[in-house]
Amino acid sequence: MSDAGSMNGGDDLVESGGIEQEEAEGGRSCLFARWGEEDDYALGSEEEFGGDGGDIIESGNPPPGAIKAKEANKERVTTPYMTKYEKARILGTRALQISMNAPVLVALEGESDPLIIAMKELAANKIPLVVRRFLPDGSYEDWLVSELLTE
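At position 131 of the sequence shown the residue is numbered 131 (full-length UniProt numbering), and the sequence of numbers has no breaks.
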């Protein structure tokens, strides 16, 4: 797929059958997009498209030898600032959701580009996603996008 084909709102992805549904831990259902054999990108959970929960965007990977944590850390130790990598992942994920007819959470003033709408939602702290930051000991922290500080 060319760069121009990948920027058309996900039409090529849907037509090629690159979106599939898998069951995540806790019985939640997640949608994944497959661009290559080894590339999995979480698009969102079933709840985002009409369910009752928010999505979790994972920031980093748990250490390979770490024991999987059962719950998030109660006391946060990471910075409250959103990294540029988290911002890119959040905007891309939300823009893809919007292009797939997810509800828009801000008033539109003639905008039609999903990325512009996602940026507007981020500026208004209305993006319904959760950033999961993994720590070296295998535990993690969950931050709502609205809790993270951007510039």
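Glycine included, each C-beta is placed from N, C-alpha and C at the ideal position.
> In angstroms, rounded to a whole number, what distance separates the CA positions of Arg76 and Ser139?
Replying inline: Roughly 11 Å separates the two Cα atoms.
> Apart from the five residues just before and just after Leu108, which ones in its own chain have a Cβ nearer than 8 Å to its Cβ?
Replying inline: Ile117
> At which residues does the beta strand (DSSP E) containing Ile57 begin and terminate?
Replying inline: 55-59
>> If I follow the unbroken beta strand (DSSP E) through Glu141, where does it start and stop?
In response: Here the beta strand (DSSP E) through Glu141 covers 140-144.
>> Only counting the same chain, and skipping five residues up and downstream in sequence, which positions put a Cβ closer than 6 Å to that of Ile56?
In response: Val130, Arg132
> What's the call for Gly151, buried or exposed, on a 16-neighbour Cβ count within 10 Å?
Replying inline: First, the amino acid is wrong: residue 151 is Glu here, not Gly. Its Cβ having fewer than 16 others within 10 Å, Glu151 is exposed.
> How would you write the range of the alpha helix (DSSP H) that Leu135 sits in, first residue to last?
Replying inline: Note, Leu135: premise wrong, no alpha helix (DSSP H); not H, not E.
>> What would DSSP say about Leu149, mapped onto helix, strand or coil?
In response: Looking at Leu149 - three-state DSSP - the assignment turns out to be strand.
> Who are the near neighbours of Glu86 in its chain, counting only those whose CB is closer than 6 Å to its CB and skipping five residues on each side?
Replying inline: Cβ within range, chain order: Ser59, Val131.
>> I believe Glu147 touches Pro103 by the beta-carbon criterion, under 8 Å. Please report the beta-carbon distance rounded to the nearest angstrom.
In response: Glu147 to Pro103, Cβ: 21 Å. No contact.
>> Cutting at 8 Å between CB atoms, please list the residues of its own chain near Glu141, excluding the five before and the five after it.
In response: Ala72, Asn73, Arg76, Val77, Thr78, Arg132, Arg133, Leu135
> In terms of residues, what are the limits of the alpha helix (DSSP H) holding Ser99?
Replying inline: Per DSSP, Ser99 belongs to the alpha helix (DSSP H) from 84-99.
> Between Leu122 and Leu96, which are expected to be in contact by the criterion C-beta below 8 Å, what is the C-beta distance as a whole number of angstroms?
Replying inline: Contact flag wrong, Cβ pair sits at about 14 Å.
> What are the boundary residues of the alpha helix (DSSP H) that includes Lys120?
Replying inline: 114-123
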